[in-house]
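*Asks:* This is the structure, below, for whatever I ask next.
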Amino acid sequence: MDRFVFLFAAGLARGAVLALFALSLVIVWRTARVVNFAQAAMAAAAVYAAFAVTAATGSYWAGLLTGLAAGALLGAAAERGLMRRLPAHAPLPGIIVAIGLVMVLQAGLAIAFGPEHRPMRPPFSERPFIIGGVPVLSPNDLFTLAAAAAVMAALALLFNRTSLGLQLRAAAFAPETARLLGVRVPRMVTLGWALSVAAASLAALLLVPTELGLNPHAVDLLFVNAFAVAVIGGLDSPAGALLAGIGVGLLVSLVTGYVSASAAPLAVLALMTLVLLVRPGGLLAPKEARTA
Amino acid sequence: MSTPLRALIITVLAIGGTFGLDPFRNYQLATAAACFAAVAGLTVLVGLTGQLSLGHAVLMAAGGYGFAYAASAVEGPWPLALAAGLAAAAAVSGLLGLLLGAAAARLRGPYLAGLTLALVIALPAAVNTLPLGGDQGARAPFFPVPEALSALIAVEQWHAWLAIAVAAVAVTPLVMLRAGRAGLRMRAVLDDETASRLSGVDPGVVKAGAFAASAVPAGLGGAVLAIATQQVTPGGYGLAFSLLLVVAAVAGGLGSIGGAAIGSVLVTVLPWFIDELVAAAPAEFGQRLDGNLAVLLFGAGLIALTTAWPGGAARLLDRLRAARPLRFATPSTTTER
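Sequence lines, in order, name chains B and R.
The opening position of the first sequence corresponds to residue 21 in this note's numbering, with each subsequent residue numbered one higher.
The opening position of the second sequence corresponds to residue -6 in this note's numbering, with each subsequent residue numbered one higher.
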């Protein structure tokens, strides 16, 4: 039972990070109708920027802000420089260009910083609180949970309660009509990309210090799990990303604890395949229009 | 000229060409032949049905494991072991391809790409969980040069011969499939699923069948790699290798078999060539460039090709060929919707 409580608590923190990264995939899917396969490489580049600033100034928070800004800039640059030039309504070129971007970014990072794992210190202690003799969340886990929850709440407010959010949604759902009504659609798409990659960078910044360390491939597994989360919840659904993120986080934590660490990716793969076969649009997806 | 005859001529020419290469080049040729089989399957899948698989390396690995275990289990003369291994490679990869195809039939663009990506990432976990020898991988039997030929050729050249022959057996049916009724159905499904369904072509069956048909050559390619290296390890079939297969298909021009050949030679030879150049750089910096510079250049090339020149190398061939009058109208391939 003690073990279950510990694994459950660890799974919550992991799930929050997963949900945040999955939400970033949902944002870019909703604004531009592409899945950004380069999200992991871009987030890794942002974490390297944060690492360099933290190393230079000694302040975790300066590094965190730099990482977020670098992520937003990278997202905007990728949209302006590459994605905008591709034919619309064809998923293939977007995916292939994103794969090219992954190769360029990861190889570039490995050349610039070397392939070794660089240790990053988490901002708070990782020693868990003991409640009733059971180790539960550490201060760092609490910070991760709070940061992820705050950013997700802020994004929900932005999209649902502000004029800018309304313009973002309008540009995504009805670009032609939105343009006629005076929304600057291309600017909104760029902003969507910037928000999305910044959110992904935050997720990576929260995750990397708790794992092996920083490496060009450090975010790959997070991306694959977050993609599974986004698919399970439905690529169109922010609420689905949140629920599925917590669910998959718990699943990974429990499978790692009770079976083995190497069985966790298989469990996620099996769950994703099952959901795709039963409900290809995801659990919380709206119904699709019928064809023939 | 009929397709099997043309395939036979190309195979004989390629086998003759091995006499002009040193052992290391022959080893590279065997690797390129393995890539060619997998890339040919991938390029038909992507170019004709629009299903992007990032997981063809896993299908190759499945073929490699199937070959290694089946060929090791057979006691007898070497052609029997080879045939058993190849049959097992085709069966294992075809079965996995059929499973993936059943899922693919219900999925579009990004979903399928993500599912296959997850498959590649889960491969090391799978070989550690299933009884497949873990990270050490499995040993494949060694096929020495037969007695009659041992005075004539080295072992690398013999393996190149086997590789060329297996690649020919893997790719020729694919070429015939692509040119025939099945290819027409794949193009119909790519162009308009509703219209093809109204014409009595079931998109689900066509997509699943295309995935299985593209998985078998990939599995045979994995068997070829197992012959050339005498082992199958999960590390050899990681994400980088899987993306390299996509690069080869795109560089050659999606949907083109000839382009697949050019692309696979490119992704085999260019990394080696760049690493040779990098070896001249100073030690520590050179170590960082090693392997990475090639990936960087391939990524940049992938972006440039997709944004500026989507036809790939096959388009160049077509343009050269267009200078001469064609006897047959070749079916046009659609690379994107």
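For every residue, glycine included, the Cβ atom is placed at its ideal position computed from N, Cα and C.
Everything numeric in this text was worked out from a predicted model, so none of it was measured.
1. Say whether chain B places a C-beta atom closer than 8 Å to the C-beta of I296/R.
2. For L289/B and A201/R, which I take to be in contact (beta-carbon distance under 8 Å), what is that distance rounded to the nearest angstrom?
3. With 8 Å set as the bound, which would you pick, yes or no: does the beta-carbon of L38/R sit closer than that to a beta-carbon of chain B?
4. Which one or two residues does DSSP pair with R138/B in a beta bridge?
5. Which partner residues of V154/B appear in the DSSP bridge assignment?
6. Using a Cβ-Cβ distance under 8 Å, would Y58/R count as near chain B?
7. Spell out whether any CB of chain B is found under 8 Å from the CB atom of M148/R.
8. Using beta carbons (cut-off 8 Å, strictly below), is G194/R in contact with chain B?
9. Along chain B, which residues have their Cβ under 8 Å away from the Cβ of I114/R?
10. For the region 136 to 148 of chain B against the region 231 to 245 of chain B, are there 3 or more C-beta pairs whose distance is under 8 Å?
11. My output table needs one value for R132/R: the three-state DSSP class, helix, strand or coil.
12. What's the call for S216/B, buried or exposed, on a 16-neighbour Cβ count within 10 Å?
13. Can you confirm whether the region 230 to 247 of chain R touches the region 163 to 173 of chain R when touching is taken to mean that 3 or more C-beta pairs between the two stretches lie within less than 8 Å?
14. Pick helix, strand or coil for Q224/R, following the three-state DSSP scheme.
15. If we define contact as Cβ-Cβ less than 8 Å, is Y104/R a contact residue for chain B?
16. Would you report the Cα separation of L290/R and G9/R, rounded to the nearest angstrom?
17. Around the C-beta of L319/R, are 16 or more other C-beta atoms found within 10 angstroms, so that it is buried, or is it exposed?
18. Just the C-alpha distance for P148/B and V25/B, rounded to the nearest angstrom, thanks.
19. Should the region 237 to 254 of chain R be called in touch with the region 86 to 101 of chain R, which here means at least 3 C-beta pairs below 8 Å?
20. Applying the criterion that 16 or more other CB atoms from any shown protein chain within 10 Å of the CB defines a buried residue, is D161/B buried or exposed?
21. Mind checking if A127/B is an interface residue toward chain R, Cβ cutoff 8 Å exclusive?
22. Going by C-alpha to C-alpha distance, which of W49/B, G35/B and P142/B sits closest to A192/B?
23. Measure from the alpha carbon of A156/R to the alpha carbon of each residue in F136/R, V113/R, P70/R and G256/R, then state which is nearest.
24. State the CB to CB distance for the pair A64/R and A74/R, rounded to an integer number of angstroms; the pair is presumed to be in contact (CB under 8 Å).
25. What residue range does the alpha helix (DSSP H) around G329/B cover?
26. I want to verify the contact list: residues of chain R whose CB lies under 7 Å from the CB of G134/B, in sequence order.
27. Alpha carbon to alpha carbon, what distance is there between L123/R and A84/R?
28. Measure from the C-beta of L227/B to each C-beta in chain R and report whether the shortest distance is under 8 Å.
29. Please list, in chain order, all residues of the same chain as P16/R whose beta carbon is under 6 Å from its beta carbon, the five residues on each side excluded.
30. If the cut is a Cβ gap below 8 Å, which residues of chain R does T293/B touch?
31. If V209/R and S86/R are in contact, beta carbons under 8 Å, what's the gap, nearest whole angstrom?
32. Spell out whether any CB of chain R is found under 8 Å from the CB atom of F18/B.
33. Report yes if the CB atom of G90/R is closer than 8 Å to the CB atom of F204/R, and no otherwise.
34. With distances taken between CB atoms, is the gap from A218/B to L175/B smaller than 8 Å?
35. What are the residues of the region 78 to 89 of chain R that lie near chain B, defined by any Cβ-Cβ distance shorter than 8 Å?
*Replies:* The answer reads as follows:
1. Within the second sequence, the letter at position 303 stands for residue 296/R. It does: the Cβ of I296/R has a partner Cβ on chain B nearer than 8 Å.
2. Along the first sequence, read from residue 1 onward, the residue named residue 289/B stands at position 269. Along the second sequence, read from residue 1 onward, the residue named residue 201/R stands at position 208. With a Cβ gap of about 19 Å, L289/B and A201/R do not count as contacting.
3. On the second sequence, residue 38/R is found 45 positions in, with the first residue counted as 1. It does not: the Cβ of L38/R has no partner Cβ on chain B nearer than 8 Å.
4. Counting from one through the first sequence, the residue named residue 138/B turns up at place 118. In DSSP, R138/B forms a bridge with L234/B.
5. Here residue 154/B refers to the residue found at position 134 of the first sequence. Per DSSP, I151/B.
6. If you number the second sequence from 1, residue 58/R lands on position 65. No, its Cβ sits nowhere closer than 8 Å to a Cβ of chain B.
7. By one-based count along the second sequence, residue 148/R stands at place 155. Note that residue 148/R is Val in the sequence shown here, rather than Met. Judged by the 8 Å Cβ criterion, V148/R is not in contact with chain B.
8. Residue 194/R sits at position 201 when you count from the first residue of the second sequence. Note that residue 194/R is Val in the sequence shown, not Gly. Not one chain B Cβ lies under 8 Å of V194/R.
9. By 1-based counting over the second sequence, the position of residue 114/R is 121. Near I114/R (Cβ distances below 8 Å), the residues of chain B are D240, L241, V244 and P285.
10. yes
11. Mapped onto the second sequence, residue 132/R falls at position 139. Under the three-state reduction of DSSP, R132/R is assigned to strand.
12. Residue 216/B sits at position 196 when you count from the first residue of the first sequence. Buried.
13. no
14. Residue 224/R sits at position 231 when you count from the first residue of the second sequence. In the structure shown, Q224/R sits in a strand (DSSP, three-state: E or B).
15. Within the second sequence, the letter at position 111 stands for residue 104/R. Chain B contact via Cβ: present.
16. Sequence index remark: in the second sequence, residue 290/R carries index 297 (1-based). Sequence index remark: in the second sequence, residue 9/R carries index 16 (1-based). Straight-line Cα distance between these residues: approximately 33 Å.
17. Locating residue 319/R in the second sequence gives position 326, where the first residue counts as 1. Residue placement at L319/R cannot be trusted, given a pLDDT of 44 that sits under 50; what the coordinates show is reported in the next sentence. Result: exposed.
18. Taking the first residue of the first sequence as 1, we reach residue 148/B at position 128. Taking the first residue of the first sequence as 1, we reach residue 25/B at position 5. So the two alpha carbons sit approximately 12 Å from each other.
19. no
20. Taking the first sequence and counting its residues from 1, the one referred to as residue 161/B is at position 141. Of the other Cβ atoms in all chains shown, 16 or more fall within 10 Å of the Cβ of D161/B; this residue is therefore buried.
21. Indexing the first sequence from 1 puts residue 127/B at position 107. Closer than 8 Å to some Cβ of chain R, the Cβ of A127/B qualifies, so yes.
22. In the first sequence, residue 192/B corresponds to position 172, counting from 1. Nearest C-alpha to A192/B: W49/B.
23. Position 163 of the second sequence, counted from the first residue, corresponds to residue 156/R. Looking at the Cα atoms, F136/R is the closest of the given residues.
24. What you label residue 64/R is simply residue 71 of the second sequence in a count that begins at 1. What you label residue 74/R is simply residue 81 of the second sequence in a count that begins at 1. Right, their Cβ atoms sit about 5 Å apart.
25. Nothing can be reported for residue 329/B: it is not among the residues displayed for chain B, which extend from 21 to 312.
26. Mapped onto the first sequence, residue 134/B falls at position 114. Per Cβ cutoff of 7 Å: R281.
27. Counting from one through the second sequence, the residue named residue 84/R turns up at place 91. Counting from one through the second sequence, the residue named residue 123/R turns up at place 130. Approximately 18 Å between the Cα atoms of the pair.
28. For the purposes of this step, residue 227/B is taken as residue 207 along the first sequence, with counting starting at 1. So no, L227/B is outside the interface.
29. Working through the second sequence from its first residue, we reach residue 16/R at position 23. Excluding positions up to five away in sequence, the list reads A147 and E149.
30. Start at 1 with the first residue of the first sequence, and residue 293/B comes out as number 273. Going along chain R in sequence order, the residues near T293/B (Cβ under 8 Å) are A96 and L108.
31. Taking the first residue of the second sequence as 1, we reach residue 209/R at position 216. Taking the first residue of the second sequence as 1, we reach residue 86/R at position 93. Rounded, the Cβ-Cβ distance is 6 Å, consistent with contact.
32. What the structure shows of chain B is the stretch from 21 to 312, and residue 18/B is not part of that stretch, so it cannot be assessed.
33. Your numbering for residue 90/R matches position 97 in the second sequence. Your numbering for residue 204/R matches position 211 in the second sequence. Cβ distance < 8 Å, so G90/R and F204/R count as in contact.
34. As a first step, residue 218/B is located in the first sequence; it is residue number 198 there, counting from the start. As a first step, residue 175/B is located in the first sequence; it is residue number 155 there, counting from the start. No, the pair does not count as a contact, with Cβ atoms beyond the cut-off.
35. Flagged: no residues at all.
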